[in-house]
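Numbering (this note's numbering), first residue to last: 9 to 526.
Don't be surprised by glycine CBs; every beta carbon is placed ideally from N, CA and C.
All figures in this text were calculated on a predicted structure; none of them were measured in a lab.
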């Protein structure tokens, strides 16, 4: 993950003033209508929470880089319980427990995949079998057991440039990013497995015993390199320095890869399925410049330039976020104009940027009201190591280390959307009033729709995962007010964000946001 000089990457933050926020740094700045909310924080130090993955129901698996522990968080709770300690995790430099992915056929295939640095100078990918409540968004009954090794000889001879991301694409294949392992010419030799994005078929796994299977069993149809060994055949694209983080567009399989630069440029490579087999040029290209590192390996190969790159004078690490696609019926979906936007963050410089594409090229999007600068969609966002879209449509961000009183842990960005409406009824009277708001679990919350002009025969309270917590079916005009205390069994709702709708079965109506605080 290091840039400009050998940094101890994810282990420690370098004490260079130009790469760190000052004591005068303010809270994170976002465009009008957007806010950063803590999801689960203050429980990780000094373990360094580096990555995460959502289950389809909204519960979250969180990786502790420095301990090898996997934690489990139920939305609305104030805890993240330890459910697994991966043995023999090496944590020097940029190593550690780095990547996690959920099987796309969940819960039929109840598997969780992990990428980590093993303590014998190798990287490993393994899969665990989950048990417990696999689809209950309110349950903390969840365990991981029965590890099966998939890959055990990934390059990890040096404590830098170890890659770190696992994601499934819409093709059902598992993608893994690997850095050059501190040796630049590895990136021009796919036989080393270093400096590339691997594409694996794990649909027939786990195999017999505890693994690993022959690599040939993991090579899917459609991988672009023909060999001569299975190492080459596992590649999707290659020629990277350290693609620490990448994301995948769920609609078309495009990869948005952040390749961490050396001295001058950070780059984003957008890899379409048609680009499979492309070589992205390290060590001969850093962004759009020649880094002049004096290497001749692979110099006659054909290289592909990045989709976007930016200059920097001081420490920088690019962390790509998602190519944003709103999940179906997501209660916290971003406004429609954000569909297809690519978000990116710089770990040390603390900005968030939003890119858009005209179908051929990516560029910084037009600024919106309240944006801190014309180029930066957000600012003061220091030390975030993973950014993804959640099942609720919000942008989720993992802060690796605390900074100026803001703790490490999981946050999310929420903004104006069709279901995140103002908390008071509009002059047209088209939404219910909710009082008190915020409230506490167990409080009597009054829902009043007397001022609404539209027909109301159904009231619903919905959590951020889209689950109906409570619903009332009414006769026309029978009442214009009711109270809510919890679920249908009388149990108080957990702290968190809820949405109250007043409408009909065919038209649920506009939602009002309700916050239950601890």
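Rounded to whole angstroms, what is the Cα-Cα separation between residue i and residue j?
| i | j | result |
| --- | --- | --- |
| residue 2 | residue 267 | Any answer about residue 2 is impossible in this case: the structure gives the chain only from 9 up to 526. |
| residue 202 | residue 177 | 21 Å |
| residue 152 | residue 67 | 14 Å |
| residue 384 | residue 513 | 42 Å |
| residue 303 | residue 189 | 16 Å |
| residue 217 | residue 210 | 15 Å |
| residue 524 | residue 138 | 30 Å |
| residue 332 | residue 412 | 29 Å |
| residue 250 | residue 194 | 11 Å |
| residue 437 | residue 488 | Summary for residue 437: the model assigns pLDDT 44, below 50, so the residue's position carries little reliability; its value from the coordinates is reported in the next sentence. Looking at the two C-alpha atoms, the distance is approximately 13 Å. |
| residue 517 | residue 439 | 7 Å |
| residue 22 | residue 293 | Interpretation of residue 22 is limited by its pLDDT of 36, a score under 50 that renders its predicted location unreliable; the figure taken from the coordinates is listed afterwards. Distance between the alpha carbons of residue 22 and residue 293: 26 Å. |
| residue 521 | residue 256 | 30 Å |
| residue 363 | residue 65 | 29 Å |
| residue 91 | residue 451 | 32 Å |
| residue 426 | residue 335 | Low confidence applies to residue 426: its pLDDT is 33, below 50, so where it sits in the model is not reliable enough to give any reading. |
| residue 135 | residue 117 | 11 Å |
| residue 212 | residue 274 | 37 Å |
| residue 462 | residue 380 | 39 Å |
| residue 86 | residue 261 | 35 Å |
| residue 205 | residue 389 | 27 Å |
Pick from the options: whose alpha carbon is nearest that of residue i?
| i | options | result |
| --- | --- | --- |
| residue 305 | 123, 291, 365, 143 | 291 |
| residue 475 | 134, 113, 120, 145 | 145 |
| residue 323 | 269, 378, 382 | 269 |
| residue 271 | 254, 297, 223 | 297 |
| residue 55 | 465, 460, 409 | 409 |
| residue 502 | 519, 477, 49, 481 | 477 |
| residue 237 | 75, 246, 132, 198 | 198 |
| residue 76 | 57, 62, 447 | 57 |
| residue 406 | 392, 414, 397 | 392 |
| residue 351 | 263, 86, 337, 299 | 263 |
| residue 247 | 230, 227, 214, 295 | 295 |
| residue 337 | 214, 35, 519 | 519 |
Given a cut-off of 8 Å, decide if residue j and residue i are closer than it, judged by their beta-carbon atoms.
| i | j | result |
| --- | --- | --- |
| residue 174 | residue 220 | no |
| residue 394 | residue 41 | no |
| residue 265 | residue 283 | no |
| residue 244 | residue 280 | no |
| residue 148 | residue 191 | no |
| residue 38 | residue 455 | no |
| residue 46 | residue 511 | no |
| residue 120 | residue 71 | no |
| residue 453 | residue 491 | yes |
| residue 100 | residue 167 | yes |
| residue 233 | residue 285 | yes |
| residue 308 | residue 287 | no |
State the beta-bridge partners of residue i as determined by DSSP.
| i | result |
| --- | --- |
| residue 277 | 265 |
| residue 440 | In DSSP, residue 440 forms no bridge with anything. |
Kindly confirm or deny that the segment 328 to 342 and the segment 400 to 408 touch, where touching means at least three C-beta pairs closer than 8 Å.
yes
Sufficient close CB pairs (3 or more, under 8 Å) joining the segment 506 to 522 to the segment 454 to 470:
yes
Whether or not the segment 313 to 321 and the segment 367 to 377 are in contact is what I'm after, with contact meaning three or more pairs of Cβ atoms, one per stretch, closer than 8 Å; do they touch?
These segments touch.
The segment 183 to 194 contacting the segment 159 to 166, beta-carbon criterion three pairs below 8 Å
Three or more pairs of CB atoms, one per stretch, sit closer than 8 Å, so the segment 183 to 194 contacts the segment 159 to 166.
Does the segment 120 to 129 come within contact of the segment 92 to 108, defined as at least 3 CB pairs closer than 8 Å?
yes
For the pair the segment 80 to 88 and the segment 105 to 113, tell me if three or more CB-CB distances fall below 8 Å.
no
Does the count of Cβ pairs from the segment 347 to 360 and the segment 319 to 334 closer than 8 Å reach three?
yes
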